[in-house]
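A.B. asks:
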Amino acid sequence: MSDGPALDPAVQHPTKLAVVAFLSGCVEADFKTVRDRLELTDSALSRTLSGLEETGHVAVRKGFVGKRPRTWVSLTAEGRRRLAGHLTALQRIAAGALAQAADLPTEVP
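Written out as structure tokens, the structure reads:
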């Protein structure tokens, strides 16, 4: 492979990638919004966020709105940097595949 950014193993799972990609478009989002937008169950999102928090991709903040508990999540600066590298690596892989496909004959003899 080239010397460019590498794929980030922490976000190779589609659910983890979807969460960090969603969070990259906002400063902070509440748990319910992320869950609903990505169509995840509470338990799936909770497990995903725990893993991403352990790797430093996301920050989780808990608090209250009135008397109701609320959880907010945000992409950390490190998570943002690692997502950008991961996306660059994916683009490089896709570009290589397209270049190879362009060299193939269009018809099978």
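Residue numbers are given in the UniProt record's numbering: position 6 of the sequence shown equals residue 6, and the series is strictly consecutive. For each residue, glycine too, the CB sits at the ideal point set by N, CA and C. From a predicted model like this one, the values you see are computed outputs, not experimental measurements.
(1) Does the count of Cβ pairs from the segment 45-52 and the segment 82-102 closer than 8 angstroms reach three?
(2) Relative to the C-alpha of Glu-28, which residue among Trp-72, Thr-88, Asp-8, Leu-98 is closest?
(3) Does the distance from the CB of Thr-76 to the CB of Pro-5 come in under 8 angstroms?
(4) Is it buried or exposed for Val-65, if we count other Cβ within 10 angstroms and need 16 for buried?
(5) Classify Leu-98: buried if its beta carbon has 16 or more other beta carbons within 10 angstroms, exposed otherwise.
C.D. replies: The answer reads as follows:
(1) The segment 45-52 makes no contact with the segment 82-102: fewer than 3 CB pairs, one atom from each, lie closer than 8 angstroms.
(2) Trp-72
(3) no
(4) exposed
(5) exposed
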